[in-house]
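Report on one structure; see the data block that follows.
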Amino acid sequence: MRNKGIRLNVQYATINALLLAQACGTMGFAANFLLGKGFSNSLFGIVMTAVSIVGAVFQAVFAPIIDRSDTISEKKFISWTLVVAIAGSVLLLFIENIWLLIPVVIVTYATTAAAMPFLNSIAFLYEKEGVTINYGVSRGTGSAAYAVAGWIFGQFLISHSPALLPWFYIILSGLTLLAVVTLPDPSPLAEADASFEQGKDNAGSLSYPDFFRKYRILTLVFFGMALMYFCHMLINNFMINVVGAIVGAEGASGYQGTAVFIQAMVELPTMFLFAQIMRRFSIDRLMAFAAVMYSVKHVVVFASVLTGSIALYYVGMTLQMLSYAVLVPGLVYFANEVCAASDRNKGQSVMALASTVGGLFASFVGGILFDTLPVSGVMGVGAVVSVLGTVLVVLAMRRRGA
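Residues in the sequence shown are numbered consecutively from 0, following numbering that gives the first Met the number 0.
If you want it as structure tokens, here you go:
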């Protein structure tokens with residue numbers, strides 16, 4: 000059993016790493032690829048909004064099907080998404096017409112994003128068999144892979160066309176597919192047990208309006224997180240625009256790759272040590288501190304654009320370790336503390352929804368903002384919105400402690 004546990008943890012971490020490296024190429028460098036194909040910022044924003052929506056629909060449609068099916072498993076679904084991603088990536092190499100490119104991009108990118116929640120479900124099934132998957136190590140491995148991939152993509156794009164990025168998608172999807180196919184199947188009993196528990200949880204689940212009325216503190220946090228994540232995704236989705244405004248268009252991809260590397264790597268210590276940090280500080284203090292640091296990060300990025308300082312921009316990226324890296328695991332613990340046992344699944348889904356909502360608005364509104372305002376103006380808007388989000392989160396923590 001011990002050898003099986005080690006092997007499963009290694010394979011699981013490897014799949015996380017490959018999926019997040021692929022996400023770096025598709026989502027982190029989407030602007031490089033699509034703007035290079037002639038997209039405007041507004042059209043790029045609309046397409047990325049559609050990617051998020053289609054990915055969420057894929058998850059919502061297939062999750063209950065997988066739960067009820069005896070033939071379609073999480074592992075098979077992930078494998079199918081990777082096959083679609085490979086086929087779509089091949090088409091991306093040859094399609095030049097923008098209007099033909101849009102649906103292929105949406106399906107290819109969305110299927111990549113849709114796989115991750117089902118990978119999390121597989122870990123839960125293994126735990127039903129008595130094998131513990133180390134989430135911290137797996138998530139940390141994924142962040143490290145994202146960082147390394149970001150640096151590689153950035154260096155590659157200094158001297159190569161972004162039109163070649165789909166080759167990376169094909170390679171990474173193929174390697175991920177191989178790792179998933181060779182992953183041992185969870186036992187049928189574990190899957191049946193998980194489906195039964197999911198059915199029990201859903202039976203008494205609150206509607207979203209009822210949930211928000213019951214947990215007003217969590218409602219404040221939800222809107223605060225959505226506002227902060229708006230600026231976070233403005234920076235991430237349109238990073239080539241932001242970095243280009245600081246250093247100029249020539250060679251901006253190389254600086255972008257370095258920024259992605261820094262941002263992802265500094266997350267690792269915080270996420271690995273979060274359990275120990277929780278023993279020293281209450282979750283309320285950690286959430287309030289991280290929310291403040293999130294806005295500090297966004298103000299620093301705004302200042303870096305105003306001053307044209309790439310060094311200051313890199314400083315902003317290092318603040319990821321005190322903001323995003325605390326909030327991501329912190330939200331899980333916070334929702335668990337606030338919600339009754341019967342509402343915890345809903346609480347977790349609501350916290351995840353906050354980042355989705357913020358990301359959707361960042362993609363859609365961000366594209367329009369970048370087409371109508373200078374980059375400094377867009378980052379100024381983002382910083383103000385982020386500060387408003389921080390105020391809501393801090394108010395929620397103070398109200399809870401009162």
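No residue lacks a Cβ here, since even glycine has one placed at the ideal position from N, Cα and C. As the structure is a computational prediction, the values presented were derived from the model and not from experiment.
Item	Value
Proximity below 8 angstroms, CB of ALA287 to CB of MET227	no
For GLY388 and VAL259, the rounded distance between their alpha carbons	24 angstroms
Residues near ALA16 by beta carbon distance below 8 angstroms, same chain, minus five either side	THR140, GLY141, ALA143, ALA144
Start-to-end residues for the alpha helix (DSSP H) that takes in GLU73	73-93
Top-ranked residue by Cα proximity to LYS36, from ILE85, VAL104, GLN319	VAL104
Stretch pair the region 146-163 + the region 13-28: three plus CB contacts closer than 8 angstroms	yes
The region 32-52 in contact with the region 359-379 per 3-pair CB rule at 8 angstroms	yes
Inter-stretch contact (C-beta, 8 angstroms, three-pair minimum) for the region 104-123 and the region 18-32	yes
The region 303-318 contacting the region 244-260, beta-carbon criterion three pairs below 8 angstroms	yes
Residue burial classification, ARG397 (beta-carbon count within 10 angstroms, cutoff 16)	exposed
MET408 and ALA30 closer than 8 angstroms at C-beta	Summary: the structure shown does not reach residue 408, with the chain confined to residues 0 through 401, and so no result is reported for it.
LYS36, DSSP secondary structure in three states	coil
GLY253, buried or exposed, once every other Cβ within 10 Å from all chains shown has been counted against 16	buried
Proximity test, SER385 beta-carbon vs the ligand COA heavy atom, cut-off 7 angstroms	Among the components of this structure there are no ligands whatsoever, and the ligand COA is therefore not found.
Pair within 8 angstroms by beta-carbon distance, GLY357 and MET224	yes
Spatial neighbours of ILE216 in its chain, beta-carbon cut-off 8 angstroms, leaving aside the 5 residues before and after	VAL337, ALA395, ARG398, ARG399
Opening and closing residue of the alpha helix (DSSP H) in which GLY329 lies	323-337
Among VAL325, ILE282, ALA263, GLY256, nearest to LEU272 - alpha-carbon criterion	VAL325
DSSP three-state assignment for VAL130, whether helix, strand or coil	coil
Alpha carbon of ALA353 to alpha carbon of GLN347, nearest angstrom	10 angstroms
Rounded C-alpha distance that separates VAL130 from PRO102	40 angstroms
For LEU182 and GLN10, believed in contact at Cβ under 8 angstroms, the rounded distance	5 angstroms
Simplified DSSP state of PHE167, which is helix, strand or coil	helix
Under the three-state DSSP convention, the category ASP184 falls into	coil
For LEU219, the three-state DSSP class (helix, strand or coil)	helix
Range covered by the alpha helix (DSSP H) that runs through PRO161	Segment: none, PRO161 is in no alpha helix (DSSP H) and carries neither H nor E.
Delimiting residues of the alpha helix (DSSP H) encompassing GLU266	266-271
Whole-angstrom distance between ARG278 and THR107, CA atom to CA atom	42 angstroms
First and last residue of the uninterrupted alpha helix (DSSP H) at ALA290	282-306
Cβ-Cβ distance between SER172 and LEU100 below 8 angstroms	no
Helix, strand or coil at PHE152 according to DSSP, with G and I counted as helix	helix
Cβ contact (3+ pairs, closer than 8 angstroms) linking the region 87-96 and the region 63-79	no
Residue of PHE221, GLU73, THR175, PHE229 minimising C-alpha distance to MET350	PHE221
Beta carbon of ASN8 nearer than 8 angstroms to that of ILE132	yes
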